[in-house]
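80 is the number of the first residue of the sequence shown in my numbering; add one for each residue after it. We put the beta carbon where it would ideally sit given N, CA and C, even for glycine. Bear in mind that the values here come from a model prediction, so they are computed numbers and not experimental data.
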Amino acid sequence: MTTPQSIEPQYTLLTAVARLDELRVRESLAGAGSDAEALDRAGLLELLALSEVVARKAAYGRQLTVRAARESGASWSQIGAALGTSKQAAWEAHTRWIDAQAAVYGRPGHMGFDEEDVAQARALAGEPDEG
80 MTTPQSIEPQ
90 YTLLTAVARL
100 DELRVRESLA
110 GAGSDAEALD
120 RAGLLELLAL
130 SEVVARKAAY
140 GRQLTVRAAR
150 ESGASWSQIG
160 AALGTSKQAA
170 WEAHTRWIDA
180 QAAVYGRPGH
190 MGFDEEDVAQ
200 ARALAGEPDE
210 G
């Protein structure tokens with residue numbers, strides 16, 4: 080069965096988006112005067128799984144960029160504005176990501192954060208009211 084976990088290792092964000100787009104276009108053109116065939120059940124399930132893979136990879140990349148912005152001196156207000164949210168929401172999302180990285184540390188197929196990485200990430204994140 081196609082699941083995000085089964086296909087995620089085969090794709091980068093770019094290749095997952097390309098495959099997702101290919102399947103989505105094929106599905107949208109089917110039956111609209113096109114020669115394209117509609118996706119079968121397996122194709123539709125692959126499309127769903129790819130959607131989740133893209134969302135996960137994009138979210139991970141977003142948090143890496145948040146971390147880099149903090150390293151460059153960006154405030155949570157600036158980061159929140161760049162994300163179209165409040166500084167509090169941006170900070171909370173980032174701290175949840177740190178927690179998630181700690182939770183997957185040592186699990187097969189995941190890098191995650193060890194205790195030292197978590198401490199460094201939390202120190203860098205600071206509090207939402209800090210510069």
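Beta-carbon within less than 8 Å of residue i's beta-carbon, same chain only, minus the 5 sequence neighbours each way: which residues are those?
| i | result |
| --- | --- |
| Ala148 | Gln157, Ile158 and Ala161 |
Quick one: residues in its chain with C-beta nearer than 6 Å to the C-beta of residue i, no 5 flanking neighbours on either side, listed in chain order?
| i | result |
| --- | --- |
| Pro83 | Ala128, Glu131 and Val132 |
| Leu108 | Ala115 |
Over the uninterrupted alpha helix (DSSP H) stretch that includes residue i, give me the two end residues.
| i | result |
| --- | --- |
| Glu101 | Leu92 to Leu108 |
| Pro83 | Pro83 to Ile86 |
Mind reading off the beta-carbon distance from residue i to residue j? Whole number of angstroms is fine, and I expect it under 8 Å.
| i | j | result |
| --- | --- | --- |
| Leu220 | Leu102 | Residue 220 is absent from the model: the chain starts at 80 and stops at 210. |
| Pro207 | Trp170 | 4 Å |
| Gln199 | His173 | About 13 Å separates the two Cβ atoms, so there is no contact after all. |
| Leu124 | Thr81 | 5 Å |
| Gly188 | Gln180 | Their Cβ separation, rounded to whole angstroms, is 14 Å, which puts Gly188 and Gln180 out of contact at 8 Å. |
Less than 7 Å between C-beta atoms, sequence neighbours within five positions excluded: which residues of the same chain meet that for residue i?
| i | result |
| --- | --- |
| Trp155 | Lys166, Ala169, Trp170 and Pro207 |
Query raised in the report: Whole alpha helix (DSSP H) runs in the stretch 130-195 with 4 or more residues, listed along the chain?
Result: Secondary structure within the stretch 130-195: the alpha helix (DSSP H) runs of 4 or more consecutive residues, fully enclosed, are 155-162 and 166-183 (chain order).
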